[in-house]
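The sequence shown begins at 12 in the working numbering and counts up by one.
Even glycine gets a Cβ: it sits at the ideal position worked out from N, Cα and C.
Just so we're clear, the structure is a prediction, and the values are computed from it rather than from any experiment.
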Amino acid sequence: MRDALKYQGIFPAFYACYDRDGKVSGPAVRLLAKYLLDKGVQGLYVGGSSGECIYQSVAERKEVLEHVMDEVGGKLTIIAHVACNNTADSRELAAHAEKLGVDAIAAIPPIYFHLPPKALAKYWNDISGAAPNTDFVIYNIPQLAGVSLTVPLLHEMLQNPRVVGVKNSSMPVQDIQMWRDEGALVFNGPDEQLLPGLAAGAAGGIGGTYGAMPELYLEIFRCFKAGNLEKGREVQNECCRIIYKMCAAEGNMYAAIKEILRLQGGPDIGSVRAPLLELAEGDRDTVCQAHEMIRSAIEKYC
Numbered sequence: 012m013r014d015a016l017k018y019q020g021i022f023p024a025f026y027a028c029y030d031r032d033g034k035v036s037g038p039a040v041r042l043l044a045k046y047l048l049d050k051g052v053q054g055l056y057v058g059g060s061s062g063e064c065i066y067q068s069v070a071e072r073k074e075v076l077e078h079v080m081d082e083v084g085g086k087l088t089i090i091a092h093v094a095c096n097n098t099a100d101s102r103e104l105a106a107h108a109e110k111l112g113v114d115a116i117a118a119i120p121p122i123y124f125h126l127p128p129k130a131l132a133k134y135w136n137d138i139s140g141a142a143p144n145t146d147f148v149i150y151n152i153p154q155l156a157g158v159s160l161t162v163p164l165l166h167e168m169l170q171n172p173r174v175v176g177v178k179n180s181s182m183p184v185q186d187i188q189m190w191r192d193e194g195a196l197v198f199n200g201p202d203e204q205l206l207p208g209l210a211a212g213a214a215g216g217i218g219g220t221y222g223a224m225p226e227l228y229l230e231i232f233r234c235f236k237a238g239n240l241e242k243g244r245e246v247q248n249e250c251c252r253i254i255y256k257m258c259a260a261e262g263n264m265y266a267a268i269k270e271i272l273r274l275q276g277g278p279d280i281g282s283v284r285a286p287l288l289e290l291a292e293g294d295r296d297t298v299c300q301a302h303e304m305i306r307s308a309i310e311k312y313c
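What follows is the structure, encoded as structure tokens:
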């Protein structure tokens, strides 16, 4: 496994950053990247679900990655999610990411049509072929993509020397064990189970709520490495309670997270892009409660 150390640790999934007109904001991207760098995370996962990739154009996704790399490239491990719902655009983003010098690219399966394994393998290998000098990470998220990674498909993909591992967002922790047992490096995806995912063999975690409370996820990782599982479980349970509170908002969870960031003194990165729902009038109390839960947990555990 090439330089696996750089893929260990906590990787916040980078949030979409917009100005007041709903356009991608380069200054906000840079502020968020610097904010997360200063928190001590290992790297960033750019252009995925948290980055609202399916609601952004190819040009916008390139712009975001360029600002991230200008701000923290070489200081953090950068994994760029490049998948689009067609191969040509995905290859364009992959080649662009390699040109910028990212550490790895990643891709979900195309959504809507449920492709057979042979088609999925060709799609991923075609994307990897556009960035032949860059590591490739398979993104397994069957509950949204509609198709699941399988052991035979992983075997086929591991014939590609650029394929280093899997970002696993399926809910069964057992999947992490299976992919790890086949020789793949694995990132835990579901934030609610970072500690169990690490115990099952994940090298680190990539998560959509990490950016709202990086201190807590970094503490979970430290606890696991130190063998302090009792404290790790306490912090993990508190993260779960905070996630449940954020999801209680009528508006989209990422709209809640972006407001929480502002309350924490972090950068103003706008709201979410339609059709995702912005925060409703009644969501203010929920957001404030989640913010206070995060503040209290950091004070208690970190």
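Item, Value
"Going by beta carbon distance, what residues of the same chain come within less than 8 Å of residue 288, once the five residues before and after it are set aside?", "261, 262, 263, 266"
"Let me check understanding here. Comparing Cα to Cα, which of 123, 182, 80 lies closest to residue 37?", "80"
"Indicate the three-state DSSP secondary structure (helix, strand or coil) for residue 196 in the structure shown.", "strand"
"Can you tell me where the alpha helix (DSSP H) with residue 210 in it begins and where it stops?", "205-210"
"Between 254, 167, 185, 221, which has its C-alpha nearest residue 210's C-alpha?", "185"
"Considering only the beta carbon of each residue, do residue 69 and residue 92 sit closer than 8 Å?", "no"
"Which whole runs of the alpha helix (DSSP H) in the segment 233-302 are 4 residues long or more, in chain order?", "240-258, 264-274"
"Measure the alpha-carbon distance for residue 170 versus residue 150 and round it to whole angstroms.", "17 Å"
"Indicate the three-state DSSP secondary structure (helix, strand or coil) for residue 25 in the structure shown.", "coil"
"Let me check understanding here. Comparing Cα to Cα, which of 311, 155, 213 lies closest to residue 226?", "311"
"How close, in whole Å, do the beta carbons of residue 305 and residue 271 come, if the pair is a contact with beta carbons under 8 Å?", "7 Å"
"Given that a residue counts as buried once 16 or more other Cβ atoms are within 10 Å of its Cβ, and exposed if not, what is residue 12?", "Its pLDDT being 45, under 50, residue 12 is placed unreliably in this model, and the value from its coordinates should be taken loosely. Residue 12 is exposed by the Cβ-count criterion."
"Per DSSP, what are the beta-bridge partners of residue 90 in this structure?", "56, 115"
"Quick one: Cα of residue 223 to Cα of residue 309, how far?", "11 Å"
"Residue 278 and residue 87 - do their beta-carbons sit closer together than 8 Å?", "no"
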